[in-house]
Amino acid sequence: MAKVKVKGTVIKQEIASVLTAVAQITEFSSSGAESETFEATTIDTSGAGKEYAPTGYSEGGSFDFSIFYDPALSGHQAITDLVTTPAECNWDITFADTGGSNSTMTSAGVGFSFTGAMNDGLKADVSLKLDQLIGYTT
Amino acid sequence: MQIKLIRSDLGVAAGAADSKDMIHRDGRRWWRCGAIIDVPQRACEILVGNGDAEPADEEAEAACKGWRDKRAAVLESREMLARGIEPEDREAFRRGELTGYDADGNSINEGEE
């Protein structure tokens, strides 16, 4: 059992079969992954509790991260390339645990928005709509 | 066009066919440092610009005009990225005072005994 620090985590993007690290990430999150269910309650269900059952499908959700955006940086251009030229892309997140555990994922679509404020650096938010599921470590 | 990969920590993306330029380590596939691979022009520009590769033929050299400019800074930034060096620790990294972090997030210097 360990409390894994985030410092040292590396997120990598595929460029022509090569997984290369994305620079200047400040935070990341995975959300929306869930196994789907359907309501299975019927009139003759006993008790007050509604019944649910698995559909057999799971939603992969999305993987989002924020960066200090450098428009001249090759790695950041590789992300915006996915907006201008849509394509699936493989990603990898390598955690900072002692074993260097990693999870893989494939994005089907990419959202990219950037913001500027007088009292802050240029930032961008990247949202990956996942195709299938994250390859969780097991 | 062809590029030469210059790092040993470049993973192989899922779906890529096995090749002699890949090695297996820790249950994963990695590109061999020094491997020469064929890539499209945009990938060439990105991987060379990111400090992962160098042009390996005239076509790639032409696509990455000026790639040697500020190369030392690019490679240093790429190394810091691979090691997950925090922005506030970058100057210390440049001064050789730290090379990374231990499992608890404490700064370490692998060059020190």
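Quick mapping for you: the protein sequence lines, in order, are chains A and B.
Numbering follows this note's numbering, in which position 68 of the first sequence is assigned residue number 68; successive positions increment by one, without gaps.
Each number in this note's numbering corresponds to the 1-based position in the second sequence with 1000 added.
We put the CB at the ideal spot given by N, CA and C, even for glycine.
The model shown is predicted, which means the values in this text are computed figures rather than measured ones.
{"Query": "Stretch-stretch touch, CB-based, cutoff 8 Å, three pairs: the stretch 1088-1095 of chain B with the stretch 1060-1067 of chain B", "Result": "no"}
{"Query": "Identity of the residues DSSP links to L141 of chain A by a beta bridge", "Result": "Outside the modelled stretch of chain A, which goes from 1 to 138, sits residue 141 of chain A, for which no answer is possible."}
{"Query": "For F95 of chain A, three-class secondary structure by DSSP", "Result": "coil"}
{"Query": "Coil, strand or helix - C89 of chain A by DSSP", "Result": "strand"}
{"Query": "Short Cβ contact (8 Å threshold) for A1053 of chain B with K1004 of chain B", "Result": "yes"}
{"Query": "M105 of chain A, buried or exposed, once every other Cβ within 10 Å from all chains shown has been counted against 16", "Result": "buried"}
{"Query": "Neighbour list for P1040 of chain B in chain A, Cβ cutoff strictly below 8 Å", "Result": "A16"}
{"Query": "Euclidean distance between Cα positions of I79 of chain A and L1047 of chain B", "Result": "13 Å"}
{"Query": "Proximal residues of chain A, C-beta to C-beta of W1031 of chain B below 7 Å", "Result": "V18"}
{"Query": "Distance, S46 of chain A Cα to S103 of chain A Cα", "Result": "42 Å"}
{"Query": "Rounded C-alpha distance that separates E86 of chain A from M118 of chain A", "Result": "One point to set straight first is that residue 86 of chain A is Pro, not Glu, in the sequence displayed. Going from the Cα of P86 of chain A to the Cα of M118 of chain A covers about 32 Å."}
{"Query": "Proximity below 8 Å, CB of S62 of chain A to CB of S31 of chain A", "Result": "yes"}
{"Query": "Sufficient close CB pairs (3 or more, under 8 Å) joining the stretch 46-56 of chain A to the stretch 120-129 of chain A", "Result": "no"}
{"Query": "Which residues DSSP lists as bridging S103 of chain A, in chain order", "Result": "A:I93"}
{"Query": "T20 of chain A, buried or exposed, once every other Cβ within 10 Å from all chains shown has been counted against 16", "Result": "buried"}
{"Query": "Interface flag, K123 of chain A vs chain B, CB-CB below 8 Å", "Result": "no"}
{"Query": "Same chain only: Cβ atoms within 6 Å of I134 of chain A, ignoring 5 sequence neighbours per side", "Result": "S103, M105"}
{"Query": "Spatial neighbours of Y136 of chain A in its chain, beta-carbon cut-off 8 Å, leaving aside the 5 residues before and after", "Result": "S103"}
{"Query": "Nearest-angstrom beta carbon gap, L1075 of chain B and G1051 of chain B [assumed within contact, 8 Å]", "Result": "5 Å"}
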